[in-house]
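The listed protein sequences correspond, in order, to chains A and B. In terms of the working numbering, the first sequence opens at residue 1 and continues consecutively. In terms of the working numbering, the second sequence opens at residue 1 and continues consecutively.
Number of protein chains: 2
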Amino acid sequence: MSRVLVTGATGFIGRGTLAPLVAAGHEVHAVSTRPAPASSYDGVAWHQADLLTDPEAVIVRARPDVLVHLAWYTEHGRFWTAPENVRWVEASLALLRAFATAGGRRAVLAGTCAEYDWTTEAPTLVERVSPLAPATLYGHAKAGLHEVAAGYAEQAGFELAWGRVFFGYGPGEADGRLVPSVARALLAGEIAKTTAGTQVRDFMHVDDIAGAFCALATSAVTGPVNVASGVPVTIREVVDAVAAAVGSGPDSVDAGAIPQRSGEPERIVADARRLREEIGFTPRYDLATGARQTVDALRGRSRS
Amino acid sequence: MSRVLVTGATGFIGRGTLAPLVAAGHEVHAVSTRPAPASSYDGVAWHQADLLTDPEAVIVRARPDVLVHLAWYTEHGRFWTAPENVRWVEASLALLRAFATAGGRRAVLAGTCAEYDWTTEAPTLVERVSPLAPATLYGHAKAGLHEVAAGYAEQAGFELAWGRVFFGYGPGEADGRLVPSVARALLAGEIAKTTAGTQVRDFMHVDDIAGAFCALATSAVTGPVNVASGVPVTIREVVDAVAAAVGSGPDSVDAGAIPQRSGEPERIVADARRLREEIGFTPRYDLATGARQTVDALRGRSRS
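Pasting the structure below:
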């Protein structure tokens, strides 16, 4: 049993980590700028705080053995370029200093596939092998934070694991993103307009991403770990899985109605062997099941 | 003419940048935790402030076009491993955010040769070609800061140059380091005890390092630039140059009296073509001249 603090506990990934960590027998602390959600989390100690203004206070109160740091600026459409990325590097480092000073043993932080060089022809992105070359401020900020945090962890004597998140989907996803926007259009009986959808990506259901971070929190593995399925799918296959989950007909999707953004990489797929073999984590959802579960959740929300 | 703010203005490198920047016609602002030195710097606006506690205040007061950020934790013997490196990453990013917000145009920051991988057999370290793999927290902190700062500069629209400092020597160097410790022993008539001194390094006189940063401040070059001579010398050659400057006899140095630290790299030498050709900077000091000037300064200090 460890005392685990989850930051970003109301976020897309964070909210799925709390129940599994409690179920595994840990003393779970959660921090968010928001109050504890109406849905109760039995056994979760809630800390409402802003890590940007006082990253140390919650460490002093919770005194975690294990830190799962998921909080970041994640506003859809803006997070790639926003200066808030820089502030989150500062706050994350201050949080880590407070954690180490308070005797913390293991920190798990969220990185991103955007740290990798997306312009190479590499078929699969492998931790510590594939070159890093972020093309966005978000990617630069995460890669730079990892560089500093890894050096600090080694010097200060705590374990650090760095989960590089690829493409998540699932209930609670921001509305403008691919899966909810296609699902909402189809559920409303409209034609879903998409790109041709030839781009190949690595998608993982958000509950599996959360589960992977729980597994990272309790493993002893350090360094970068791709949090991804390792399964290449085209955007078109994702759209088709959503359409099948809705039960829409073959003419319900207008693929090609939206032009592909210039410069968008053709292929971003993870080597997921570290997550599966070293961490021992296996995703629960394949794409068809995940799309059904996501569409069901959207149906439930639109009914209520 | 630019409004230039130098941080770390009383430091080993910083203090040598002020007069040249004033002489070049710039409006020069300096910030340090210490008061303005007794020796007057005509035309330098002095700001006594602690960048660790309030990095924004000095930007608001000085409103620089150009930032030359040299301040860091530099305590000899401790700076490689000290947690202060992490605090300086945070403070440097907050300083850059304030600088960009206030309309700053160009930032020049001090990096280090310790960002490079020292375990490769590469004969010469080349910017953007030689792999980075810091072995110390100091190197990790500088490399990570560069990663974030470069992404931020590109996004926010200011120029960023990153001067990777190699091995400096000269007046004002911390007492425990190679050149002053050998020079002091020899000036006192003692035998100077050193390692065998076969390690090859890239030494540059501190006035040349300061001059290189002044040149970087006024150039338009962005990205990493090795601040180094490009001339490989052995530690033994440095010791011999100091002995010659003191006028000591052949038996005054006991080379090999101190064992070489295990794991110390055999060769750390820069490719200095970017500094010479793209920045147009040529060092004034060769090793013999620099050693004489350094020994003369030490003689003057011990006399006064």
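We treat Cβ as the ideally placed atom computed from N, Cα and C, and that holds for glycine.
Identity of the residue in the options nearest residue i by Cα
i, options, result
"A71/B", "A62/B, A255/B, R63/B, A49/B", "A49/B"
"L298/B", "A210/B, Y116/B, V242/B", "V242/B"
"L95/A", "V148/A, L275/A, L132/A, D254/A", "V148/A"
"T234/B", "R261/B, T195/B, G249/B, C214/B", "T195/B"
"W88/B", "A244/A, A135/A, Y152/A", "Y152/A"
"E237/B", "P224/B, N85/B, T222/B, V253/B", "V253/B"
"R105/A", "D65/A, V295/A, P123/A", "D65/A"
"G103/B", "E84/B, A82/B, I59/B, E127/B", "I59/B"
"W46/B", "P55/B, T53/B, R61/B", "R61/B"
"A257/A", "A192/A, R184/A, A91/A, R63/A", "A192/A"
"G43/B", "L52/B, T17/B, P55/B", "T17/B"
"T81/A", "E278/B, P224/B, S32/B, G157/B", "G157/B"
"Q293/A", "V221/A, E277/A, Q199/A, V179/A", "V179/A"
"Y73/A", "N226/A, T289/A, V86/A", "V86/A"
"V240/B", "E121/B, T33/B, V269/B, A291/B", "A quick correction: the sequence has Asp, not Val, at residue 240/B. D240/B has its Cα closest to that of A291/B, out of E121/B, T33/B, V269/B, A291/B."
"R201/A", "G25/A, P224/A, T218/A, E264/A", "E264/A"
"S92/A", "R3/A, A141/A, E115/A, T119/A", "A141/A"
"V295/A", "A244/A, R273/A, E278/A, D251/A", "A244/A"
"S262/B", "F203/B, V246/B, T119/B", "T119/B"
"A255/B", "A272/B, G197/B, A24/B", "G197/B"
"S32/B", "V22/B, H26/B, L52/B, G25/B", "L52/B"
"A288/B", "F203/B, R15/B, T222/B, G230/B", "F203/B"
CB contact check: residue i to chain D, cutoff 8 Å
i, result
"L137/B", "Within the model displayed, chain D is absent; protein chains A and B are what it includes."
Residue span of the alpha helix (DSSP H) that contains residue i, given as start and end
i, result
"H140/B", "137 to 156"
"R87/A", "84 to 101"
"V231/A", "Unbroken run through V231/A: none, as it is neither H nor E."
"R184/B", "178 to 187"
"A192/A", "Careful: A192/A lies outside any alpha helix (DSSP H), inside the beta strand (DSSP E) at 192 to 194."
"V369/B", "Residue 369/B lies beyond the stretch modelled for chain B, which goes from 1 to 304, so this question has no answer here."
"A19/A", "18 to 23"
Neighbour-count burial assignment, residue i, 16 or more Cβ in a 10 Å radius
i, result
"L5/B", "buried"
"P283/B", "buried"
"E266/B", "exposed"
"A107/A", "buried"
"H76/A", "exposed"
"I209/B", "buried"
"T7/A", "buried"
"P134/A", "buried"
"G170/A", "buried"
"V129/A", "exposed"
"E90/B", "buried"
"M1/A", "exposed"
"A220/A", "exposed"
"S248/A", "buried"
"E173/A", "buried"
"V68/B", "buried"
"T101/B", "exposed"
"D207/B", "buried"
"P224/B", "buried"
"D286/B", "exposed"
Span of the beta strand (DSSP E), counted from its first residue to its last, around residue i
i, result
"G211/B", "Per DSSP, G211/B belongs to no beta strand (DSSP E); it is in the alpha helix (DSSP H), 206 to 218."
"D240/B", "Premise fails: D240/B lies in the alpha helix (DSSP H), 235 to 246, not in any beta strand (DSSP E)."
"L275/A", "First-last for L275/A: undefined, no H or E at that position."
"V28/A", "27 to 32"
"V108/B", "106 to 112"
"A161/A", "159 to 165"
"H69/A", "66 to 69"
"D254/A", "253 to 255"
"Q199/B", "It is not in any beta strand (DSSP E) - Q199/B carries neither H nor E in the DSSP assignment."
"H47/B", "44 to 48"
"L5/B", "3 to 7"
Interface residues of chain A facing residue i [CB-CB closer than 7 Å]
i, result
"P134/B", "G151"
"T81/B", "Q155"
Contact set between residue i and chain B, taken where Cβ atoms lie within less than 7 Å
i, result
"L93/A", "V86, V89, E90"
"E147/A", "H140, A143, G144, E147"
Contact belief for residue i with residue j at Cβ below 8 Å, rounded distance in angstroms
i, j, result
"L132/A", "D117/A", "6 Å"
"I213/B", "G163/B", "First, the residue type needs correcting, since residue 213/B is Phe and not Ile in the sequence shown. About 6 Å; that satisfies the 8 Å criterion."
"A161/B", "L216/B", "5 Å"
"F166/A", "C113/A", "5 Å"
"P20/B", "G211/B", "6 Å"
"A9/A", "P55/A", "The Cβ separation is near 15 Å, so there is no contact."
"L186/A", "V227/A", "Not quite, the Cβ-Cβ distance comes to about 28 Å (not below 8 Å), so this is no contact."
Per-residue contacts from residue i into chain A (C-beta, under 8 Å)
i, result
"R97/B", "P83, V86, R87"
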